[in-house]
Every structure is written in C-alpha cells, then in structure tokens.
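Respectively, the protein sequence lines represent chains A and B.
Heads up: the first sequence begins at 17 in the working numbering, then just goes up one per residue.
Heads up: the second sequence begins at 3 in the working numbering, then just goes up one per residue.
Here is the structure we will look at.
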Amino acid sequence: MKTKNIMIVGVGGQGTLLASKLLGKILVSKGFDVKVSEVHGMSQRGGSVVTYVRWGDKVYSPIIDRGEADIILSFEMLEAARWTEYLAEGGTIISNTQQTNPMPVITGAAEYPLELDNKIRALGINLDCFDALSLANEAGSSKAVNLVLLGRLSNYFDFTQDEWMKAIEESVPPKFLEINKKAFELGKNFKS
Amino acid sequence: MKQLMLGNEAFARGLYEAGCAFVSSYPGTPSTEITEYAAKYKEIYAEWAPNEKVAMESAFGASLAGKRSFCGMKHVGLNVAADPLFTLSYTGINAGMIIAVADDPGMHSSQNEQDSRHYAIASKLPMLEPADSGEALRFAEVAYELSEKYDCPVIMKMCTRIAHSQSPVEISERTEAPAKPYEKNPQKYIMMPGYAKLKHPVVEKRTLDLTAYAEETPLNFTEQGEDNSIGIITSSTSYQYVKEVCGNKYPVLKLGMINPLPPEKIKAFAASVGKVIVVEELDDIIESFCKNIGVDCKGKELFGCIGEFSQNLIAEKLGFDTGKFEKLDENIPARPPVMCAGCPHRGLYYILKKNKVNVIGDIGCYTLGAVAPLNAVDSVVCMGASVSGLHGFNKANPENEGRSVAVIGDSTFMHSGITGLVNIAYNESNSTVIILDNSITGMTGHQQNPTTGFNLKGDPCTKIDLETLCRSVGINRVRVVDPYNLKECDDALKEELAANEPSVIISRRPCALLKYVKHNGPIEVNADKCIGCKSCMRIGCPAISIKDGKAVIDATLCTGCGVCKQLCPKDAIGC
Numbered sequence: 017m018k019t020k021n022i023m024i025v026g027v028g029g030q031g032t033l034l035a036s037k038l039l040g041k042i043l044v045s046k047g048f049d050v051k052v053s054e055v056h057g058m059s060q061r062g063g064s065v066v067t068y069v070r071w072g073d074k075v076y077s078p079i080i081d082r083g084e085a086d087i088i089l090s091f092e093m094l095e096a097a098r099w100t101e102y103l104a105e106g107g108t109i110i111s112n113t114q115q116t117n118p119m120p121v122i123t124g125a126a127e128y129p130l131e132l133d134n135k136i137r138a139l140g141i142n143l144d145c146f147d148a149l150s151l152a153n154e155a156g157s158s159k160a161v162n163l164v165l166l167g168r169l170s171n172y173f174d175f176t177q178d179e180w181m182k183a184i185e186e187s188v189p190p191k192f193l194e195i196n197k198k199a200f201e202l203g204k205n206f207k208s
Numbered sequence: 003m004k005q006l007m008l009g010n011e012a013f014a015r016g017l018y019e020a021g022c023a024f025v026s027s028y029p030g031t032p033s034t035e036i037t038e039y040a041a042k043y044k045e046i047y048a049e050w051a052p053n054e055k056v057a058m059e060s061a062f063g064a065s066l067a068g069k070r071s072f073c074g075m076k077h078v079g080l081n082v083a084a085d086p087l088f089t090l091s092y093t094g095i096n097a098g099m100i101i102a103v104a105d106d107p108g109m110h111s112s113q114n115e116q117d118s119r120h121y122a123i124a125s126k127l128p129m130l131e132p133a134d135s136g137e138a139l140r141f142a143e144v145a146y147e148l149s150e151k152y153d154c155p156v157i158m159k160m161c162t163r164i165a166h167s168q169s170p171v172e173i174s175e176r177t178e179a180p181a182k183p184y185e186k187n188p189q190k191y192i193m194m195p196g197y198a199k200l201k202h203p204v205v206e207k208r209t210l211d212l213t214a215y216a217e218e219t220p221l222n223f224t225e226q227g228e229d230n231s232i233g234i235i236t237s238s239t240s241y242q243y244v245k246e247v248c249g250n251k252y253p254v255l256k257l258g259m260i261n262p263l264p265p266e267k268i269k270a271f272a273a274s275v276g277k278v279i280v281v282e283e284l285d286d287i288i289e290s291f292c293k294n295i296g297v298d299c300k301g302k303e304l305f306g307c308i309g310e311f312s313q314n315l316i317a318e319k320l321g322f323d324t325g326k327f328e329k330l331d332e333n334i335p336a337r338p339p340v341m342c343a344g345c346p347h348r349g350l351y352y353i354l355k356k357n358k359v360n361v362i363g364d365i366g367c368y369t370l371g372a373v374a375p376l377n378a379v380d381s382v383v384c385m386g387a388s389v390s391g392l393h394g395f396n397k398a399n400p401e402n403e404g405r406s407v408a409v410i411g412d413s414t415f416m417h418s419g420i421t422g423l424v425n426i427a428y429n430e431s432n433s434t435v436i437i438l439d440n441s442i443t444g445m446t447g448h449q450q451n452p453t454t455g456f457n458l459k460g461d462p463c464t465k466i467d468l469e470t471l472c473r474s475v476g477i478n479r480v481r482v483v484d485p486y487n488l489k490e491c492d493d494a495l496k497e498e499l500a501a502n503e504p505s506v507i508i509s510r511r512p513c514a515l516l517k518y519v520k521h522n523g524p525i526e527v528n529a530d531k532c533i534g535c536k537s538c539m540r541i542g543c544p545a546i547s548i549k550d551g552k553a554v555i556d557a558t559l560c561t562g563c564g565v566c567k568q569l570c571p572k573d574a575i576g577c
C-alpha cells in the first residue's frame, strides 16, 4: 500500500503528542511499518508544533513534505492555515475552530486573519472544522481537546471501537480515563 | 513483537541490552532522552553531570574501572568535551565506551548548525550513524564491540530526525558485560609527551585497521537499483529521503559507519554506476572524501549545506515529481515560542528593560527574553558566555559597569558560569551577574542539576548552595530577589549596578511548570477600571490580550503570578 500521512499541528501545550502516540500505538499493533516524528525543545513553549505520523508497508522518511498529508489534524485555526500547503490533493483538514493568539498578534505586530475557514475551503480543500473545546468542556476538561479531535479523526479510519479504546486505556492516566473516553465519543459523534 | 520507540529511547535500550553500566551526560536537545531512558533501567547507574566535559571524563573513569560506559550530549556539547575527546583517542579505554552526539540540522533548538562528523575525523575516532530507531538500538552493541576491539571510544552520531522520530524496534534481553579488571598501565593512560609520542603511531595504525573494518562491515551496505546511470551514496536521514523518493530505481551505498570511510567500497560502487551523487546533510564530508580518492561526484552543488533536507528537495534535484499543493494567499502570523504564563524570568526581564541595561545573555529558556515585546537581551553565544562576556565588556570600557549585567540560569551557571565568576573576582571587574534560579534545567524539559537537591534518578542528594558558592569565589555582594516582586528586583538592580565591587543577584523562583509549584490561580481584569493603556502588555505574557479596547486575561493560562498587576496604573487587575 501507498504510505499514508497524517500531520498533527497545534500550539505547544495542547496535547498534540498524546494524539500521535495513541495513533502510532494502534498502527503498530495492526502490523504496519510506522514512523512518528516530533520536535522537542523550543517548540513546546507556546510555539507552533507539528507531529508527523506515517504508516504503510515500508516507511522511509520520518517527515511529511508539502503536498503529501492525507489528513491534517489541527488543534487551532491559524495552525491549520499555516500548514495548508502540506495537504495532498484531495486531502482533508480536520480542525478545532479555537483561536489562540500568537505573540505577534498579542503585541499588535500582526493581525489574526479573519474567516480562515472560508479561505481554506475556497482552495477546494475539504475542511471539517468544529468547536472541539466546547465538546472537551462538556466531557469534563478543556484539556481533553486532543481526545475530541482524535474521536473525530477516528471516523476516517476503519479501526474498531475496541482498538481505539484499548489504545486510550494504555495511553491515558486512569484518573482521566472516563473524561477522555467521553471526549473521544463526543468528537466522534458530533454532527456539524 | 515490534514496538514503537523514539530513536533516543531505542538507543538507550541498545545500551541496556549491551550491558552498559554507567551513564553520565549533560542534557541538550535533541540528545536528552537517551540518558533519561537509560536511567529507567535499574542495572544502569545514570547521572547528570554539570557539563559535557565532566560527563565524558566520568564515563572514561568508569571505562577505566572496567564497566561499559556512555556519555551523551548535543553537538555544541561536544565542543565543551572536545578536550578529553582528543586525548581519549590516544589513551584508549578499558571497558567499552560510547559517546553520543546529536546534531540539529535546521536548528530546531540550537544556536548553530555545526556538523559533528568533523570531530570524528579530527580526533581520529570511529563514528557510527544510525538511520532509524532500529539501527540506533543495534548500533549500540556494535559500538561497544568496536570500542573494545580497537581500544578507543566510539562516537554515535544522532540528529534531530533520528533522535526524535519513533519507528518500530525488536527488543532483546540484556547481556551483562563482565567487568574488566583495571590494571595500572602508565604508558597507556598517562598522556605526557614521552608516552603520547609512542601513542600517536598507534592511533594512525588503528585508523588503518578501522578502515579495513569499514570496507567489510555490513554497517555499510549497497542496495541494487533498476537504473545504474546514477548511484547514490548517503547516510542517516538523507538515506530515508533518498529511498522515499527513488525507491529501488537507483543503486544506493548506505553508510552506517561515517568515520573512517571505506575507499575501496566507494570506488567499487562508483565503478558500477554512471554518475555518483552524494546526499548528506550539512557539510561535504563524504563528498570531499570521494573527491580525495578520485571518485567524481556531485553533492553540495545540488543540495547545499544549510538546513535540513526533505523528500521534496531530493525529488526536485533528482528530477522526480513532488506532490501538488495549494498555498493559502494569506499573511499567517508566526507563532514563536514564548516564556510561559507565570514564568519567573518575565518580571526580572521587564526590570532589565525598564532600566535600559545591556544584557549579556546565555543559553536556556531565558534566551526568550530576547524576543518582542521584552527585547531585553544583547548577546547570546554559548553556555557560560554571559558571565565571561560581561567581564570583557566591562574591562574594555569601565563605563559599561554601571549599566550592564549578565543573565544566566542555575543549570548553565553550574555548567560553565562558575569559572567566569571566578575570573570576575580574580581580575576584579565591577560586574553584576544575575543568576536566574528557577530550580531546574528548563529548556531541555526539566532535568535536575546540582542546585536542585535531586539527582537524575529522582533521589534527594547534595544541593549546591549558590549564595555560598558565589561568596566563596570572592564575591562579597550576593543577594536573593523574588522575580515576581518588581520593586524588589528594581531596587536590587539599581543598588548592585551602583556598588563599587562585583555582585551577584540570584533571582529565585521555581519554573512555573514544575508539578510541585502551587499557583494562586487566575486573576481577572476589572473592565470598569481598565483604561486600555496596554501597560500590562509590556511584559509579553501569553495570557493577556486586548479585546474591545480592554485588557483580558485568559483564565486557562493565567497562574496568578501578579506581575501584570504591578504594572497597572489604575489598579484594574486582580482587584
């Protein structure tokens, strides 16, 4: 099979790494060759973060290049816009509609672009965006945004519910398991 | 059963399986997790050393005592440890010793883009270079065997994309390496001229022996291609990009051993193909070697020596199609890393900016004080350069003394700030050094250090007292301030700059992200009182923004540190 590519993008501290860890775990258990690539360090302090998840029969490059991502899972609208050119033809962007101002916007040196959703759709890109933060709050914690988005992403995979739940149980502290499972379900079943 | 492992985690697993018993490192992105994962194995003694030089010398001591040892560092860390590196090449080792160095092409988290392969050549030590997690694991055992067979430390070269990428690995059980008895051997271990002169020919002979090994080892292998008009010589991540783009089209010589290189193997490969193309990130190490042995090839003229490679770059240069993509015609604001909400460095930096002092900076989270809106740092070079740089800055122009400071973190101060402070005391510059003591090594992800009172394994240990240390090297004026208290910081800065002798200000408050730190909880802006003057915006806190002409504080980010409250002229914050 052709190598599949998912980019997970967001703002440092939003929990993007848990999403890629969980996805990687399922993919390896399914027998795929997998590479998950992340950058630690500077990017964690509120900066733009990106994780690459690739799988197939044989995966070589650890990164995803422009025009290659089948899906971009974005935790924030500006980040979805930033990485748009990494999307492959016919690819999908799944994005949280949350807006987090970067420092240049906070200081007034730049403006947060308006109507990013419409502008992305105008390029003919399939954009699946929704308010994941509200759903996370509904599940019991604003920190569960990552599981809401992962639930949404699960609709694009043919893994069983058991496979997802097992991976969640193995990746999340028991104390937060119920909130995270609920967040996953809310994201999965949300109708926009 | 295969499992996903980070390159650094797999490397640590390889060390464990190969019987490594001693680890000493200094953290540095992207090398840090090798040591953190190694420390999880109870069979391995692991520690954070104050700097890379100490780490390497300690690892050598452990090797001398007969245990397989390891030290890890980032590329610039090897500069610090270069002194022992070059002479360990002469002494050789007793039990196997591995030195890991992790390069950072693209400078994701570094101050330069140096290519560590030069060190292997210059120190005449073997260097292996894995291309994924599986190789990182397997190469550890090979490196120990080489180290013991050829009597020298072996360098393992990692890079960001190998260190911080996960790929599947097969794990095995640990094989204990029996301790090698230590035997006194002055001619081997004492490098004074008489003995060193005897050793240099041994080193040269070893390089010849290692070259013969490089010709035969399966670490360097050829993959056949369908089209022999081009042959590609490559290693590390570049190999992955080449295979991603070319598949099996062109023959590939993949090098897992990067020093010494195998001349006959390369010549034979070149003879079997039309044109030779060398794909390597950063400098032209392999390419120059090829040209030196008379193999015509192209490399840097195609790919350059700046930044990271990617599959699209390789595709474009080799004439393959790249994926089509749409670009949003929109000015997307950058999202640079910032000091976190509640970061104790913020208040101190605000005071430095307000007093318009020259700030000779250093390496750590606090380098972020250089960015807008604080813009409070004048220079950043390398670990420790703040303290010694300030000394020269003040000596060369004494007028600087009353308007300049050095800022350095607790871990960086222990790493290489102490000697600079000794110089300030000894050579008597009237300098003011500020130690930003946030009780942790922050930038690399919360590692313990000699000032925190805990060791790498998390056990309580001797805590170095910074005040006593500074006083003992001859600084009489040492004081501690709370960086959340702006007035206290302002007063201290003014007094110490005015004082007629060197001084140290310790700005002390633990990193806001440490789990044990209890926060006051978010504070709010009273919109009725707020006049929208943006005074609170001058500290660059990510939790504060202006909406509809009034300041608002994001309750999910705010820790309640109260620094912004002290800037508000209308008492509109937290009241």
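Beta carbons: idealized from backbone N, C-alpha and C, even for Gly.
Given the structure is predicted, the values throughout are model-derived calculations rather than measurements.
- The three-state reading of DSSP puts serine 509 of chain B in strand, counting E and B together.
- Around the Cβ of proline 462 of chain B, a 10 Å sphere holds fewer than 16 other Cβ atoms; the residue is exposed.
- At the C-beta level, asparagine 432 of chain B and asparagine 457 of chain B stay beyond 9 Å of one another.
- Just measuring C-alpha positions, the residue of A/Pro189, A/Asn171, A/Cys145, A/Leu151 sitting nearest serine 208 of chain A is A/Cys145.
- Among the CB atoms of chain B, one or more fall inside 9 Å of the CB of threonine 123 of chain A.
- In this structure the stretch 163–171 of chain B touches the stretch 69–81 of chain A; the number of beta carbon pairs closer than 8 Å is three or more.
- Serine 150 of chain A is outside the set of residues whose beta carbon lies under 9 Å from a beta carbon in chain B.
- In the structure shown, serine 231 of chain B falls within a coil segment according to DSSP collapsed to helix, strand and coil.
- Distance between isoleucine 110 of chain A and asparagine 230 of chain B, taken at the CA atoms: about 43 Å.
- Between the stretch 192–199 of chain A and the stretch 146–162 of chain B, the count of C-beta pairs closer than 8 Å stays below three; the two stretches do not touch.
- For the stretch 126–185 of chain B, the continuous beta strand (DSSP E) assignments of 3+ residues that do not extend past its boundaries occur at 156–161, 167–171, in sequence order.
- Counting only Cβ-Cβ distances below 9 Å, methionine 341 of chain B has contacts in chain A at Arg61, Gly62, in chain order.
- Interface flag for methionine 75 of chain B against chain A is unset, since no Cβ pair is found closer than 9 Å.
- In the DSSP annotation of this structure, the continuous segment of the beta strand (DSSP E) that includes serine 26 of chain B starts and ends at 24–27.
- Against lysine 42 of chain B, chain A offers no close residue; the least beta-carbon distance is about 17 Å (beta-carbon pairs closer than 8 Å).
- Considered as a whole, the stretch 201–287 of chain B harbours 238–248, 265–274 as its complete alpha helix (DSSP H) runs of no fewer than 4 residues, in chain order.
- The Cβ neighbour count for asparagine 314 of chain B, taken over all protein chains shown within 10 Å, is at least 16; the residue is labelled buried.
- Shown here for proline 29 of chain B: same chain residues with a beta carbon closer than 6 Å to its own, the five before and five after excluded, namely Thr443, Thr446, Gln449 in chain order.
- From the beta-carbon of glycine 325 of chain B, the residues of chain A found nearer than 8 Å are Asp81, Arg82, Gly83, Glu84, Ala104, Glu105.
- Per DSSP, reduced to three states, the secondary structure at glutamine 5 of chain B is strand.
- Short of 6 Å from the beta carbon of leucine 304 of chain B, and not among the five residues preceding or following it, lie these beta carbons of its own chain, in chain order: Lys319.
- Using a C-beta cut-off of 8 Å, the stretch 269–279 of chain B makes no contact with the stretch 94–111 of chain A, since fewer than three inter-stretch Cβ pairs fall below that distance.
- Glycine 309 of chain B counts as exposed, since fewer than 16 other C-beta atoms from the protein chains shown sit within 10 angstroms of its C-beta.
- DSSP places valine 103 of chain B in the strand class (E or B) of the three-state scheme.
- Excluding sequence positions up to five before and after glycine 31 of chain A, its CB lies within less than 6 Å of the CB of Asn162, all in the same chain and listed in chain order.
- For proline 190 of chain A, no Cβ of chain B is located within less than 9 Å of the residue's own Cβ.
- Listed along chain B is no residue with a C-beta nearer than 8 Å to that of methionine 17 of chain A; the closest approach is about 14 Å.
- Using a C-beta cut-off of 8 Å, the stretch 51–67 of chain B makes no contact with the stretch 114–130 of chain B, since fewer than three inter-stretch Cβ pairs fall below that distance.
- Annotation: aspartate 105 of chain B to valine 382 of chain B spans about 19 Å, alpha carbon to alpha carbon.
- Straight across, the Cα-Cα distance linking valine 254 of chain B with lysine 151 of chain B is about 29 Å.
- Annotation: serine 388 of chain B to methionine 3 of chain B spans about 50 Å, alpha carbon to alpha carbon.
- By the beta-carbon neighbour count (other beta carbons within 10 angstroms, threshold 16), aspartate 85 of chain B is exposed.
- The beta-bridge partner set that DSSP reports for tryptophan 71 of chain A consists of A/Lys20, A/Val50.
- Taking isoleucine 101 of chain B as the centre and dropping the five residues before and after it, the same chain places the C-beta of Cys73, Pro155, Ile157 closer than 6 Å to its C-beta, in chain order.
- Judged by DSSP secondary structure, valine 389 of chain B falls within the alpha helix (DSSP H) whose first and last residues are 387–398.
- Collapsing the DSSP output to three states places isoleucine 555 of chain B in a strand.
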